[in-house]
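Undergrad:
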Amino acid sequence: EVPYPRIVEYKQKPNQPVKAKEGKGTLIFKEFSVDDGDPYYPVPNPANRDLYEKYRELAEKEQGVLFVGRLASYKYFNMDQAILNALELFDAWKAEGKL
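Residue numbering for the sequence shown follows my numbering, beginning at 158 and increasing consecutively.
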């Protein structure tokens, strides 16, 4: 189980305590982005993976709908990865005659 989708360590940051700027410390940000308690990103844990699998099976049965993105793949994508994923899926679906 992943407690945070993103953890970032900063060695140099404006207004950071002096000790950290001197290389004697660091700032660690633990991000968990939510809106009214609903996470913005997929949170990998057994219950969510099981739920995703049920949604994936239902999505495969849908006619005329193609699902893409973080929730469709149950993965976190950076924006460049999201665009690449969409382009690759487009090429695959076009080759399969789904478009």
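Yeah, the Cβ is synthetic: ideal placement off N, Cα and C, and Gly gets one too.
Predicted model only: the values in this text are computed from it and were never measured.
At what residues does the alpha helix (DSSP H) containing Asp184 begin and finish?
TA: Locating residue 184 in the sequence shown gives position 27, counting from the first residue. One detail in the question is off: residue 184 reads as Leu in this sequence, not Asp. Careful: Leu184 lies outside any alpha helix (DSSP H), inside the beta strand (DSSP E) at 184 to 188.
Undergrad: Take Ser190 and list the residues in its own chain whose beta-carbon comes closer than 6 angstroms to its own, dropping the five residues that flank it on each side.
TA: The residue given as residue 190 occupies position 33 in the sequence shown. Tyr197.
Undergrad: Closest by CA to Leu244, which one among Tyr231, Val225, Lys255, Asn235?
TA: Looking up residue 244 in the sequence shown gives position 87. Nearest of Tyr231, Val225, Lys255, Asn235 to Leu244, Cα basis: Val225.
Undergrad: Is Ala216 near Arg227, with beta carbons less than 9 angstroms apart?
TA: On the sequence shown, position 59 is the one that residue 216 refers to. On the sequence shown, position 70 is the one that residue 227 refers to. No, Cβ-Cβ distance for Ala216 and Arg227 is not below 9 angstroms.
Undergrad: From the DSSP output, in three-state form, read off Pro162 for me.
TA: Locating residue 162 in the sequence shown gives position 5, counting from the first residue. Coil at Pro162, not helix or strand.
Undergrad: Between the C-alpha atoms of Trp250 and Glu166, what's the straight-line distance to the nearest angstrom?
TA: One-based indexing of the sequence shown puts residue 250 at position 93. One-based indexing of the sequence shown puts residue 166 at position 9. Answer to the nearest angstrom: the Cα atoms are 39 angstroms apart.
Undergrad: Rounded to whole angstroms, what's the CA-CA distance from Glu219 to Lys211? Just pull it up for me.
TA: Reading the sequence shown from its first residue, position 62 is the one you call residue 219. Reading the sequence shown from its first residue, position 54 is the one you call residue 211. Cα to Cα, Glu219 sits roughly 13 angstroms from Lys211.
Undergrad: Report the three-state DSSP secondary structure of Asp193 (helix, strand or coil).
TA: The sequence position of residue 193 within the sequence shown is 36, counting from 1. Of the three classes helix, strand and coil, the one that applies to Asp193 here is coil, per DSSP.
Undergrad: Measuring CB to CB, does Pro162 end up less than 9 angstroms from Pro199?
TA: Within the sequence shown, numbered from 1, the residue matching residue 162 stands at position 5. Within the sequence shown, numbered from 1, the residue matching residue 199 stands at position 42. For Pro162 and Pro199, yes; Cβs fall inside 9 angstroms.
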